[in-house]
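Student:
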Amino acid sequence: MSTAESARRDWLNRVYRPSGEVAGAPVPALPAPGGLRAWSGRGHATLTWDPVPGAIGYLVERAAAQAGPYQGIGQPDVDVPAVPGTRYVDTGDPAAWYRVAAITTMDSAGPFCEPVPVTPGDTSGQVTVEVRADRVSGAAGRPWAYMIGSEHLSHLLSTDTVGGRPIGEELLTALRLVREELGVRTVRAHAILGDDLGVYREVDGEPVHDFRKVEEVYDRIMSIGLRPIVELSFMPRDLAADPARTVFGYQAIISPPRDYDRWGDLVRALTQHLADRYGLQELIDNWAFEVWNEPNLEVFWSGTPEEFFRLYDVTAAAVKDVHPGLRVGGPSSAANGWVQELLDHVDKSGAPLDFLSTHTYGNAPLDWRPALARHDRTGTPIWWTEWGPTPTHFHGIGDGPFGATFLLHGMRSAAGRLDALSHWVASDHFEELGRPPALFHGGFGLLTVGNLRKPRYFALSLANRLGPHELHHTLTGDLAALEIWPTRHPDGTLSLLIWNTTLNQSQAGGVPTLTRDITLTLTGLTPPYTLTHHRIDHTHSNIQSTWAADTPWPDGDQWAELHAANTLDLYTPPQTIEGETVTLTFPLPMPGVSYIELTPR
Numbered sequence: 174m175s176t177a178e179s180a181r182r183d184w185l186n187r188v189y190r191p192s193g194e195v196a197g198a199p200v201p202a203l204p205a206p207g208g209l210r211a212w213s214g215r216g217h218a219t220l221t222w223d224p225v226p227g228a229i230g231y232l233v234e235r236a237a238a239q240a241g242p243y244q245g246i247g248q249p250d251v252d253v254p255a256v257p258g259t260r261y262v263d264t265g266d267p268a269a270w271y272r273v274a275a276i277t278t279m280d281s282a283g284p285f286c287e288p289v290p291v292t293p294g295d296t297s298g299q300v301t302v303e304v305r306a307d308r309v310s311g312a313a314g315r316p317w318a319y320m321i322g323s324e325h326l327s328h329l330l331s332t333d334t335v336g337g338r339p340i341g342e343e344l345l346t347a348l349r350l351v352r353e354e355l356g357v358r359t360v361r362a363h364a365i366l367g368d369d370l371g372v373y374r375e376v377d378g379e380p381v382h383d384f385r386k387v388e389e390v391y392d393r394i395m396s397i398g399l400r401p402i403v404e405l406s407f408m409p410r411d412l413a414a415d416p417a418r419t420v421f422g423y424q425a426i427i428s429p430p431r432d433y434d435r436w437g438d439l440v441r442a443l444t445q446h447l448a449d450r451y452g453l454q455e456l457i458d459n460w461a462f463e464v465w466n467e468p469n470l471e472v473f474w475s476g477t478p479e480e481f482f483r484l485y486d487v488t489a490a491a492v493k494d495v496h497p498g499l500r501v502g503g504p505s506s507a508a509n510g511w512v513q514e515l516l517d518h519v520d521k522s523g524a525p526l527d528f529l530s531t532h533t534y535g536n537a538p539l540d541w542r543p544a545l546a547r548h549d550r551t552g553t554p555i556w557w558t559e560w561g562p563t564p565t566h567f568h569g570i571g572d573g574p575f576g577a578t579f580l581l582h583g584m585r586s587a588a589g590r591l592d593a594l595s596h597w598v599a600s601d602h603f604e605e606l607g608r609p610p611a612l613f614h615g616g617f618g619l620l621t622v623g624n625l626r627k628p629r630y631f632a633l634s635l636a637n638r639l640g641p642h643e644l645h646h647t648l649t650g651d652l653a654a655l656e657i658w659p660t661r662h663p664d665g666t667l668s669l670l671i672w673n674t675t676l677n678q679s680q681a682g683g684v685p686t687l688t689r690d691i692t693l694t695l696t697g698l699t700p701p702y703t704l705t706h707h708r709i710d711h712t713h714s715n716i717q718s719t720w721a722a723d724t725p726w727p728d729g730d731q732w733a734e735l736h737a738a739n740t741l742d743l744y745t746p747p748q749t750i751e752g753e754t755v756t757l758t759f760p761l762p763m764p765g766v767s768y769i770e771l772t773p774r
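So the mapping is simple: our numbering equals the position in the sequence shown, first residue as 1, plus 173.
Printed below as a string of structure tokens:
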């Protein structure tokens with residue numbers, strides 16, 4: 174069995190096992206949500222309900238009959254089925270009855286409300302959108318712009334090839350592209366303390382620190398204008414209590430330290446070295462330190478919860494020893510786990526928590542602001558340091574336009590309430606469970622091997638073209654899961670994103686009944702403008718649809734052809750707008766994205 178096959182089997186055996194249970198402090202009991210309504214549309218049912226103060230999200234259950242049995246809306250590849258808002262669209266085979274409950278933590282849900290039946294609604298497939306170009310409703314957030322994820326950064330030093338492409342060189346180019354074209358400012362990755370970078374060894378029983386290869390990695394990151402979010406993981410072999418406990422094909426050690434003092438010394442020495450090399454004020458202003466990765470899963474932490482919380486305290490103290498202005502946080506957990514538990518712990522231990530970080534996949538992030546408020550930590554930054562369509566390697570669901578609409582749904586949900594929603598990851602140059610076996614293999618990256626832009630990448634590049642001011646708008650009709658993000662720039666340019674999505678992954682390939690006919694009217698214009706309309710769907714801006722070869726990798730000529738075809742496609746030719754009002758009509762498939770821009774002439 175190859176190393177990759179062994180790592181994959183080990184991953185599948187352990188990925189969903191918790192590393193231990195934590196007895197949390199009591200949390201407030203929440204009432205059942207009120208005002209639940211459910212109505213049908215073409216190919217879907219829509220639910221809305223009243224918000225419950227103190228809730229971080231809501232559970233939705235469905236049944237064929239009022240008496241049940243009721244089942245949740247979860248899917249196998251969605252690690253947190255709860256939704257953050259007070260609206261949910263159920264596509265596929267909508268049920269006849271629904272009920273909703275509020276949650277305060279991942280382990281604490283209130284009672285379900287009385288179930289309600291689905292009532293008949295608009296099934297026309299028609300949607301009317303009205304946008305007031307002269308009326309700003311608020312700021313348009315940019316939650317993608319703070320952080321991106323990447324493979325362990327020692328991969329930047331690789332001189333190997335995959336599919337005939339140079340790994341280290343292309344990974345660096347991918348990170349430069351997300352910096353330049355998506356506006357991303359920082360990068361987070363695993364294993365900066367891994368043995369492949371040689372940071373720690375013991376000679377005659379005494380610790381020896383060596384950060385030369387860390388410098389090599391971070392110098393490359395700094396050279397392209399990014400800054401690191403330093404995930405302090407995994408454990409150096411000579412410091413591990415159990416060096417046989419590993420994860421991934423590159424055998425990262427997931428053990429607690431056998432000596433917490435020496436671990437603290439290592440973290441302190443690394444932090445001081447970085448401050449000396451790059452400047453203390455640079456680190457205070459632009460860097461941050463995250464403690465470990467997903468310690469609530471057995472596959473990433475072989476110790477107990479108590480050992481992790483001790484690791485957190487020792488690590489945070491070591492970073493702050495270099496300077497109290499340096500930022501440190503966590504728990505960097507899987508599926509929203511141990512967030513409440515870390516808040517309870519630092520309340521008792523007094524350890525600093527400069528940001529709260531967690532992960533989720535397959536759904537929009539929950540809202541941890543009520544939990545922070547309960548702990549008198551209102552305003553603490555909330556970072557989702559991993560997020561994306563799927564947590565499953567080689568899944569495939571994110572390579573096409575479904576990934577584009579999923580990303581826009583999540584970013585829209587997060588705007589204004591999260592400080593960072595970090596897509597996992599920038600590039601398909603990635604080797605946790607083996608290197609890419611083919612060009613389109615279901616990789617996590619926004620960019621393929623070869624740095625072809627996937628629809629997800631184009632979606633974020635369009636989001637990055639939105640203006641800072643959100644415009645007043647209304648949507649009426651048979652909406653399904655249609656969403657809009659209309660904005661204005663200071664120079665008068667109008668930028669609007671409209672997308673048609675679903676959270677039902679079984680429909681990622683598209684469903685004709687969910688296509689919507691859009692009538693979009695913009696008023697309050699100050700003409701003239703040039704109007705452009707770009708599209709992402711199965712036949713537009715979708716490089717996967719152009720690769721029909723029966724070989725895993727393109728040859729030289731095919732690479733050139735793919736790069737030539739890797740364009741953000743216009744849906745209609747540019748046109749001149751002369752009046753104060755303009756109306757556009759167009760169909761929008763699911764999944765599909767339209768980007769409409771009006772530029773003053």
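Note that CB positions come from ideal geometry on N, CA and C, so glycine has one too.
Return the chain-ordered list of same chain residues with a C-beta closer than 6 Å to the C-beta of Ser331, the five sequence neighbours on each side being excluded.
Tutor: In the sequence shown, the residue the question calls residue 331 occupies position 158. Correct list, in chain order: Ile340, Gly341.
Student: Hey, how far is the Cα of Thr666 from the Cα of Gly311?
Tutor: Walking along the sequence shown from the start, residue 666 turns up at place 493. Walking along the sequence shown from the start, residue 311 turns up at place 138. Roughly 16 Å separates the two Cα atoms.
Student: Does the count of Cβ pairs from the stretch 542-550 and the stretch 504-519 closer than 8 Å reach three?
Tutor: Touching, yes.
Student: Residue range of the alpha helix (DSSP H) that Phe579 falls in?
Tutor: In the sequence shown, counting from the first residue as 1, residue 579 sits at position 406. Here the alpha helix (DSSP H) through Phe579 covers 574-587.
Student: Compute the distance between the beta-carbons of Pro257 and Asp438, then report whether it is under 8 Å.
Tutor: One-based indexing of the sequence shown puts residue 257 at position 84. One-based indexing of the sequence shown puts residue 438 at position 265. For Pro257 and Asp438, no; Cβs fall outside 8 Å.
Student: So, does the stretch 604-624 touch the stretch 647-663, judging by three or more C-beta pairs under 8 Å?
Tutor: With a cut-off of 8 Å, the stretch 647-663 and the stretch 604-624 do not count as touching, because too few Cβ pairs lie within range.
Student: Considering only C-alpha positions, which residue in the set Pro762, Ile402, Gly356 is nearest to Asp527?
Tutor: Numbered from its first residue, the sequence shown carries residue 527 at position 354. Per the Cα distances, Ile402.
Student: Please determine, among Thr444, Arg352, Leu761, the residue with the shortest C-alpha to C-alpha distance to Thr688.
Tutor: Mapped onto the sequence shown, residue 688 falls at position 515. Checking every option, the nearest Cα to that of Thr688 belongs to Leu761.
Student: Determine the direct distance from the alpha carbon of Pro685 to that of Gln299, and round the result to whole angstroms.
Tutor: Translated into positions along the sequence shown, residue 299 becomes position 126. Translated into positions along the sequence shown, residue 685 becomes position 512. Roughly 13 Å separates the two Cα atoms.
Student: Would you mind sorting Ser714 into buried or exposed? The rule is 16 or more other CB atoms within 10 Å of its CB.
Tutor: As a working mapping, residue 714 is identified with position 541 in the sequence shown. Ser714 comes out buried.
Student: Residues bridged to Leu644 by DSSP?
Tutor: The residue given as residue 644 occupies position 471 in the sequence shown. Per DSSP, Val309.
Student: DSSP has Ile402 in a bridge; who is on the other side?
Tutor: The residue you call residue 402 lines up with position 229 of the sequence shown. Arg361, Ala461.
Student: What residue does the alpha helix (DSSP H) around Asp438 start on, and which one ends it?
Tutor: Start at 1 with the first residue of the sequence shown, and residue 438 comes out as number 265. 433-451 is the span of the alpha helix (DSSP H), which, as asked, contains Asp438.
Student: Cα-Cα, which of Ile769, Asp415, Asp266 is closest to Tyr702?
Tutor: As a position in the sequence shown, residue 702 is number 529, starting the count at 1. Comparing Cα-Cα distances from Tyr702 to each of Ile769, Asp415, Asp266, the minimum goes to Ile769.
Student: Under 8 Å between the Cβ atoms of Leu214 and Gln680?
Tutor: Counting from 1 along the sequence shown, the entry for residue 214 is found at position 41. Counting from 1 along the sequence shown, the entry for residue 680 is found at position 507. Correcting the residue type first, residue 214 is Gly in the shown sequence and not Leu. Result no, Cβ atoms of Gly214 and Gln680 do not sit closer than 8 Å.
Student: What ranges does the beta strand (DSSP E) occupy inside the stretch 489-564, keeping only unbroken runs of at least 3 residues that lie completely in it?
Tutor: The qualifying runs are 501-506, 528-534, 555-561.
Student: Helix, strand or coil: which one does DSSP assign to Arg483?
Tutor: The residue you call residue 483 lines up with position 310 of the sequence shown. Helix, per DSSP.
Student: Tell me which same chain residues have a C-beta within less than 7 Å of the C-beta of Leu453, skipping the five on either side of it?
Tutor: In the sequence shown, the residue the question calls residue 453 occupies position 280. Excluding positions up to five away in sequence, the list reads His496.
Student: May I ask whether a heavy atom of the ligand FAD can be found less than 7 Å away from the beta carbon of Glu604?
Tutor: This structure simply doesn't include the ligand FAD, nor any ligand for that matter.
Student: Quick one: what does DSSP say Ala236 is sitting in, helix, strand or coil?
Tutor: Here residue 236 is taken as the residue at index 63 of the sequence shown, counted from 1. Ala236: strand per DSSP, three-state reduction.
Student: Can you have a look at Asp458 and say buried or exposed, based on whether 16 or more other CB atoms are within 10 angstroms of its CB?
Tutor: Taking the first residue of the sequence shown as 1, we reach residue 458 at position 285. Classification for Asp458: exposed.
Student: Please report the distance separating the alpha-carbon of Leu484 from that of Tyr433.
Tutor: Position 311 of the sequence shown, counting from 1, holds the residue named residue 484. Position 260 of the sequence shown, counting from 1, holds the residue named residue 433. Distance between the alpha carbons of Leu484 and Tyr433: 7 Å.
Student: Specify, as a first and last residue, the run of the beta strand (DSSP E) that Trp270 falls within.
Tutor: Start at 1 with the first residue of the sequence shown, and residue 270 comes out as number 97. Where Trp270 is concerned, the enclosing beta strand (DSSP E) stretches over 270-278.
Student: Identify whether Tyr744 lies in helix, strand or coil by the three-state DSSP scheme.
Tutor: Within the sequence shown, numbered from 1, the residue matching residue 744 stands at position 571. Of the three classes helix, strand and coil, the one that applies to Tyr744 here is strand, per DSSP.
Student: Decide if Pro574 is buried, meaning its Cβ has at least 16 other Cβ atoms within 10 Å, or exposed.
Tutor: Within the sequence shown, the letter at position 401 stands for residue 574. Label assigned to Pro574: buried.
Student: Leaving out five residues on either side along the sequence, give the residues of the same chain with a beta carbon under 6 Å from the beta carbon of Val598.
Tutor: Residue mapping note: residue 598 aligns to position 425 of the sequence shown, counting from 1. Closer than 6 Å at the Cβ level, and outside the excluded window around Val598, lie Gly322, Ser323, Phe617, Gly618.
Student: Indicate the three-state DSSP secondary structure (helix, strand or coil) for Asn186 in the structure shown.
Tutor: Within the sequence shown, the letter at position 13 stands for residue 186. Correct three-state label for Asn186: helix.
Student: With a Cβ-Cβ cutoff of 8 Å, do Val225 and Pro201 count as a contact?
Tutor: The residue labelled residue 225 in the question sits at position 52 within the sequence shown. The residue labelled residue 201 in the question sits at position 28 within the sequence shown. Result no, Cβ atoms of Val225 and Pro201 do not sit closer than 8 Å.
Student: In this structure, how does DSSP classify Asp392 when only helix, strand and coil are distinguished?
Tutor: Residue mapping note: residue 392 aligns to position 219 of the sequence shown, counting from 1. Helix.
Student: For Ile427, tell me which candidate among Leu412, Gly561, Arg272 has the shortest Cα-Cα distance.
Tutor: Counted from its first residue, the sequence shown places residue 427 at position 254. Ile427 has its Cα closest to that of Leu412, out of Leu412, Gly561, Arg272.
Student: So Ile340 is in the alpha helix (DSSP H); what residue range does that whole segment cover?
Tutor: To locate residue 340, count along the sequence shown from 1; it is residue 167. That run of the alpha helix (DSSP H) goes 340-355.
Student: Nearest-angstrom Cα distance between Tyr373 and Pro430?
Tutor: Indexing the sequence shown from 1 puts residue 373 at position 200. Indexing the sequence shown from 1 puts residue 430 at position 257. Using only the alpha carbons, I get a separation of about 12 Å.
Student: What number of angstroms, rounded off, separates the C-alpha of Arg450 from the C-alpha of Gly589?
Tutor: As a first step, residue 450 must be located in the sequence shown, where it is residue number 277. As a first step, residue 589 must be located in the sequence shown, where it is residue number 416. So the two alpha carbons sit approximately 35 Å from each other.
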